[in-house]
Every structure is written in C-alpha cells, then in structure tokens.
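Visitor: Protein chains in written order, with my numbering: chain A, 204 to 630; chain B, 41 to 210. Positions of the beta carbon are idealized from the N, C-alpha and C atoms, including for glycine. Quantities reported herein were computed from a predicted structural model and do not represent experimental measurements.
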Amino acid sequence: MKIASLFRTLASIALFFASIAFSPAYAQLRVEISGVGESQIPIAIASFADESVAPQQVTAIIKADLARSGMFKLVDSNTVLSESSTINYKEWRARGVDALAVGSVQRQPDGRINVRYRLLDVGKSAELSGFALADHPNNVRLTAHRIADDIYQKLTGVRGIFATRIAYVTKAGNGYRLEVADADGEGTRVALRSKEPIISPSWSPDGTKVAYVSFEARKPVVYVQNLVTSSRKVIANYKGSNSAPSWSPDGSKLAIALSRDGLTQVYMVNADGSGLRRLTDNQNINTEPRFSADGQSIYFTSDRSGGPQIYRMGLDGSSVQRVTFGGSYNISPRASPDGKLLAFISRRDGGFHLYTLDLSNGQELRLSDSARDESPSFSPNSKYIMFATESGRRGALSVVSVDGRAKHRLTTHAGDIREPTWGPFMK
Amino acid sequence: MRQFKLLAVLMSSALLLGACSSAVKLDDESNRAKVEDRSADTRTVSTVTTASADPLSDPQGVLAKRSVYFDLDSYTVKEEYNALVDAHAKFLGKNTSRKIIIQGNTDERGGREYNLALGQKRAEAVRKAMSLLGVSEAQIEAVSFGKEKPKATGSDEAAWSENRRADIVY
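1. What did DSSP end up calling A/Y292 once you bin it into helix, strand or coil?
2. By Cβ distance, which residues of its chain are closer than 6 Å to A/S328, with the 5 residues on each side in sequence left out?
3. Residues of chain A with CB under 9 Å from B/Y109, in chain order?
4. Closer than 9 Å between beta carbons: that is the criterion. Which residues of the segment 141-170 of chain B meet it against chain A?
5. Do you know whose CA, among A/F275, A/S287 and A/V427, lies nearest A/A302's CA?
6. I'd like to know whether the C-beta of B/A182 is nearer than 8 Å to at least one C-beta of chain A.
7. Drop a sphere of 10 angstroms on the beta-carbon of A/K586, count the other beta-carbons inside from all chains shown, and report buried for 16 or more, exposed for fewer.
8. B/K187 and B/D147 look like a contact to me (Cβ under 8 Å); what is the Cβ gap, rounded to whole Å?
9. Quick one: grab the DSSP three-state call for A/Q309.
10. To the nearest angstrom, how far is the alpha carbon of A/P623 from that of A/S446?
11. What is the residue span of the alpha helix (DSSP H) that B/Q160 lies within?
12. Using a Cβ-Cβ distance cut-off of 8 Å, determine whether A/A414 contacts chain B.
13. Step through the CB atoms of chain B and report whether any lies within less than 8 Å of the CB of A/K422.
14. Starting from A/I265, trace the beta strand (DSSP E) in both directions and tell me its first and last residue.
15. Assign A/R596 to one of two classes, buried (16 or more other C-beta atoms within 10 Å of its C-beta) or exposed (fewer than that).
16. Please report whether the beta-carbon of A/K327 lies at a distance below 8 Å from any beta-carbon of chain B.
17. Closer than 8 Å between beta carbons: that is the criterion. Which residues of the segment 447-480 of chain A meet it against chain C?
18. My understanding is that A/A439 touches A/S449, with C-beta atoms under 8 Å, so please give their C-beta distance in whole angstroms.
19. With a CB to CB cut of under 7 Å and the five nearest residues on each side skipped, what residues in its chain are close to A/Y320?
20. Counting only C-beta atoms, is B/K218 closer than 8 Å to chain A at any point?
21. Taking Cβ positions only, does A/S288 come closer than 8 Å to chain B?
22. List, in order along the chain, the chain B residues whose C-beta lies closer than 8 Å to that of A/F418?
23. Which of the three DSSP states is assigned to A/T346 in this structure?
24. Let me see if you follow: with CB-CB separation under 8 Å, is A/S444 close to chain B or not?
25. Give a yes or no on whether the minimum CB-CB distance between A/P400 and chain B is below 8 Å.
26. Taking just the CA atoms, how far does A/G273 sit from A/Q243?
27. Ends of the alpha helix (DSSP H) at A/A599?
28. Could you name each continuous beta strand (DSSP E) segment of 3 residues or more that falls completely within the segment 415-474 of chain A, going from the start of the chain to the end?
29. Cβ of A/I588 versus every heavy atom of the ligand PLP: is any distance shorter than 7 Å?
30. Look at the alpha carbon of B/L124 and the alpha carbon of B/I208, and state the distance between them as a whole number of angstroms.
31. Within 8 Å, do at least three Cβ pairs link the segment 162-181 of chain B to the segment 139-154 of chain B?
32. Are B/P99 and B/F131 closer than 8 Å when you measure CB to CB?
33. DSSP has A/S332 in a bridge; who is on the other side?
34. Consult DSSP for A/D619 and reduce its assignment to one of helix, strand or coil.
35. Assign A/T592 to one of three DSSP states: helix, strand, or coil.
36. Which one of A/S451, A/T411 and A/Y441 has the shortest CA to CA distance from A/S434?
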C-alpha cells in the first residue's frame with residue numbers, strides 16, 4: 204500500500220515537472236469577469252474521470268471558458284462522471300440543469316492524451332453530442348477548448364471561439380512586445396520584441412501571419428511576419444509614414460495607409476507588397492481601411508466633412524458613402540465577419556467609447572462605460588468584441604458581447620497591454 | 041643719554057630699513073616695468089576664436105531651435121515659427137547634401153492611427169513651408185510618430201501642448 208502511494212506521488216511529481224517544461228516562459232494574462240448575459244443556460248460540467256493523468260485539468264478549462272462567455276450559469280458539480288457512467292437525469296432535472304457534460308481522460312500507449320466527452324440533454328434524457336480527441340500532452344488546453352466550443356455550439360447554435368487566439372502589444376519600461384495568446388489569456392508567446400513602438404497588428408485570415416506597423420526604422424513601416432517561421436517581409440516602406448494594414452477576407456491583398464503623396468491616403472497592395480494602387484485621392488486625411496465581411500467594399504476613416512467620420516467605398520475607390528453621423532468624431536471601423544455590424548470608436552461626452560452600428564437599420568449601440576476605448580476587434584463568430592481600454596492607470600483589454608451584457612477584462616501584471624486583434628477560426 | 045642713543049639707533053634702523061625696502065621696491069618696480077615693456081610686443085598671446093565649422097552645432101545659432109509647436113486641432117505653422125523654418129530652409133539651400141526628417145507628433149488623446157495621420161499633417165505643414173522656400177524634396181522626409189513617442193508624459197494641458205509638435209532632425 205505504502206509503496207503504491209509512493210509511486211503515485213513520484214509519478215505526479217514527474218508529471219508536474221514535465222508540465223512546467225512545456226509551459227510558456229511569460230506570465231499569463233489575468234481574467235476578470237464583470238458582466239453576464241441576459242439569459243443564461245444552466246449547465247453542469249462533471250469532473251472528468253482520471254483527468255489528473257494529463258498535464259492540464261480539462262474540467263476547469265471548460266468551466267472557465269463557458270463562464271467567460273456569459274451565456275451559461277454553471278451549476279456546481281464536483282461529481283466525477285465519465286462518458287460511460289449511468290446518469291440520474293431526474294436528479295439533474297431537480298437541480299434545474301438543462302445540460303450536463305461528462306467525460307474521461309486517458310494516457311495512451313503512444314504518449315498522447317485522449318479525452319472522451321459527452322453532452323447530455325437533461326430535459327430529454329438524451330445525448331446531444333460526443334467525441335474523443337487524442338493529442339500531444341502539450342495540446343490538452345486546446346482539446347478542452349474544443350470541447351467547450353462544442354458545448355457552446357450545440358446549446359447556442361453559434362460556433363464557439365474558445366480555441367481561437369489573440370494578438371496584442373505590451374509596453375513595459377522601454378520595451379514593446381507583440382504577443383500571441385489563447386483567447387483565455389493563457390499560453391502567451393512573444394512574436395516580436397522591440398525598443399520602438401509597435402501598433403496596428405492584424406491577423407491574416409488563415410491565422411499564420413500577422414501584419415503590423417513597427418517604428419524600429421525610426422518611422423512607421425508595415426511588416427508581415429510569418430508566426431510559424433518568424434520570417435518578416437517589409438510590405439510598405441515608402442517615403443513618409445506607412446501604416447494601418449488590413450487583410451482582404453481571402454488573404455490575397457492588404458489595404459494600407461500611406462503618406463507618400465503628402466497627407467495620409469488609402470492604398471491597396473498585394474499580400475507580398477507588389478501592385479500598389481491608390482484608392483483615395485483628396486485634400487483630406489483618409490486612413491484606417493478595413494475590408495467589409497464580403498470583401499467587396501472598404502470602410503475607412505476620413506475627415507473630409509471637417510472631423511473624422513467613417514465612410515465606405517468600392518475596391519476601386521469609387522462610390523464613397525458616409526456611414527457614421529452621430530457626434531463629431533468617429534474612427535476605427537471594424538466590420539463583423541457575419542456582415543451585420545460595424546464596430547467603431549466614437550468621442551461623445553468627452554470620452555472615447557466603443558459603439559456598434561447595425562448595418563441593416565443604422566441603429567447605434569454604446570457598448571462600454573469606460574472612457575478611453577481604442578482598437579476594437581470582433582471575435583470570428585461575430586458575437587464578441589475585444590478592445591483596448593484603461594484599468595486604473597494601465598492599459599488593459601476588455602471583451603464585451605455584442606448585446607453589451609457579458610463582459611470580462613484581461614490585464615497583464617506589469618506594463619500596458621493595447622492594440623488587440625482577434626485571430627480567425629483555425630483547423 | 042643712553043635712552044637717546046637707543047632711540048636714535050632704533051629710529052635710524054627703521055629709517056634704514058624703510059629706505060632699503062623702498063629702495064628695493066622702487067628698483068624692482070622700475071625693473072619690472074622695464075621687463076614688461078621690453079617683452080610686450082613678442083610674448084603676448086591673444087586669442088582667436090574660429091567660426092564653428094558646422095553651424096548646426098552652435099547652441100546659440102539660429103539653427104539650434106528644431107521644434108515647431110501647434111495649437112489644439114491645428115495643423116498650420118504659426119507665424120512665430122516663420123524665422124525658424126526660414127533659417128533651416130536657408131541652411132538646406134546652401135548645403136544640398138544635408139537632409140532632414142521632420143517628425144510630427146500629437147497629444148495622447150484619440151485613436152492611434154488617426155493620430156498618426158494628424159501628426160503626419162503637422163510634419164507635412166513644416167515640410168511644405170520649406171518646400172515653398174525652395175528646399176528640394178530630396179532633402180526632406182516628413183514622418184509621424186502620432187501619439188506613440190510623447191516627450192512629456194502626463195494628462196494635462198502642459199503635457200499635451202508639449203507633445204503637439206513637429207521636430208526637425210538632421
């Protein structure tokens with residue numbers, strides 16, 4: 204008996220050291236939930252059987268994902284239930300639970316961690332979903348996120364974003380870093396380290412590259428960096444300032460802002476930097492180009508009417524139409540991937556706030572009560588917006604659901620965090 | 041009798057000493073005067089200050105001032121900076137191998153990309169003013185730092201007005 208428990212202890216110590224060997228070198232972002240959705244689905248996540256064989260505990264990750272979404276009321280459950288356990292539906296119905304997730308974790312002979320999962324409809328006493336995923340021990344978090352995505356999708360009808368990644372810029376002391384992290388703030392990796400500012404990062408649609416503006420050459424220059432190989436290409440370093448890169452939905456082109464002809468104007472260029480074409484051409488500032496969801500038009504910021512407002516134009520620069528009319532200062536247009544909304548920043552009552560515009564009826568909705576909002580970015584399922592704001596005196600990231608109800612904040616323990624960009628769905 | 045002799049000795053010593061020293065003094069003075077006079081022409085060293093080879097490094101010169109400040113929401117060069125612009129334009133006109141970068145800045149309020157464009161507008165205003173004075177395009181590049189590299193930190197008017205600025209950098 205004693206020897207068995209000694210072996211168990213040694214095994215878990217070994218596992219612990221194995222897990223730190225794989226864990227990232229930088230502190231994670233801290234998550235604080237401050238708002239929940241209007242109506243929440245009551246769900247219980249049973250403790251997955253044998254989950255301690257894996258370097259990460261899947262049950263806690265799934266619960267945290269669903270809690271952050273604001274769409275679920277997590278009913279306490281410390282019961283261990285595997286996919287083969289007998290389920291007492293009556294008892295779960297009595298506890299007011301609509302859905303129950305169960306599962307187990309095994310370490311396979313080939314070293315991979317296999318997670319089995321089932322989602323049960325408590326009202327119907329039936330299975331809603333289930334699968335098994337085997338992957339490298341490094342990817343246990345990703346597996347847990349995929350299960351949370353499946354639960355979210357089966358119960359809300361919308362694709363989940365728990366397995367997505369975000370990129371953002373941190374400033375600490377005299378250094379700037381472009382970092383990539385999971386959507387829950389874990390697993391941070393540094394993509395670029397610089398003594399000069401980095402702004403306007405933007406994910407390529409296939410999630411393998413990030414375009415950004417770096418001031419390392421003592422002027423703003425647009426780069427595209429391959430995250431996998433870390434190779435970089437200068438996309439635009441014309442005379443003057445080069446900035447605001449935005450990918451076309453098919454990843455073949457970038458819209459950018461260049462001051463090579465005097466004032467800042469919107470240009471289009473191929474993803475490799477060739478084929479430069481100017482799209483705007485007047486005596487005003489035109490900047491912050493963003494493709495529409497269908498890739499057929501470009502939203503941009505222009506001060507042609509006196510102050511900055513948001514406009515839309517065709518891919519050849521024609522058919523310019525004004526889009527924002529509320530207030531005297533509207534900037535940073537971002538189109539939701541489902542084509543329904545435009546997020547932007549508006550200066551009202553002396554503060555800079557996140558707003559959305561319903562493109563079908565022109566209705567505006569203010570989404571934040573903070574006063575120094577910047578750089579909104581839609582989640583790939585169009586249901587959440589991440590943006591930069593201030594927490595205390597430091598830069599932080601905020602996430603809000605598009606109805607304004609579910610909210611959470613991501614902060615870093617040292618320095619400012621800003622310029623978020625939400626990555627795409629990936630295989 | 042003895043007192044008188046003592047007094048006489050004392051007085052005469054004093055006189056002698058006085059006479060000696062003054063005699064020496066006089067001699068020295070005249071000798072010194074003679075020495076100086078004799079060497080006045082050949083041993084004097086007078087200082088020559090050359091004009092600085094690079095007028096840019098003269099802290100008192102017209103080119104020492106390199107910053108143009110702007111009012112809130114303003115992107116035109118105020119009259120008070122005409123002399124500064126003029127001085128740099130003249131220098132660049134005479135020294136066509138010299139180049140400048142004009143760096144435009146804004147205060148911290150507002151979005152990053154829009155402020156980058158506003159900072160550019162300030163740099164461009166200074167560039168245009170020089171161009172109108174005949175400076176060739178090849179000698180100037182106007183760039184913007186937007187609100188990314190503030191000179192003054194703080195969220196008050198003092199910091200804001202320090203940051204609404206275009207700098208000429210050689």
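Guide: Short version:
1. helix
2. Y292
3. By Cβ distance, chain A contributes nothing, its closest Cβ being about 20 Å from B/Y109, past 9 Å.
4. I141, Q143, G144, R149, G150, G151, R152, E153, Y154, L156, A157, L158, G159, Q160, K161, A163, E164, R167 and K168
5. A/F275
6. yes
7. buried
8. 7 Å
9. DSSP places A/Q309 in strand when its eight states are reduced to three.
10. 16 Å
11. R152 to L172
12. no
13. yes
14. Here A/I265 belongs to no beta strand (DSSP E); instead the alpha helix (DSSP H) covers V261 to S272.
15. exposed
16. no
17. Chain labels in this structure do not include chain C; the protein chains are A and B.
18. Actually they do not touch by this definition, with Cβ atoms about 12 Å apart.
19. E286, A304, G306, G333, F334 and I350
20. No answer is possible for residue 218 of chain B: the residues shown for chain B start at 41 and end at 210.
21. Judged by the 8 Å Cβ criterion, A/S288 is not in contact with chain B.
22. F185, E188 and K189
23. The three-state reading of DSSP puts A/T346 in helix, counting H, G and I together.
24. Taking Cβ atoms only, chain B reaches closer than 8 Å to A/S444, which makes this a yes.
25. A/P400 counts as touching chain B.
26. 7 Å
27. From DSSP, A/A599 is part of no alpha helix (DSSP H) but of the beta strand (DSSP E) over R597 to S604.
28. The DSSP assignment places 424-429, 435-439, 445-450, 456-461 and 468-473 as complete runs of the beta strand (DSSP E) inside the segment 415-474 of chain A, in order along the chain (cut-off: 3 residues).
29. Among the ligands in the structure shown, none appear at all, so the ligand PLP cannot be discussed.
30. Roughly 10 Å between the two C-alpha positions.
31. yes
32. Going by C-beta atoms, B/P99 is not nearer than 8 Å to B/F131.
33. A/L322
34. strand
35. strand
36. A/T411
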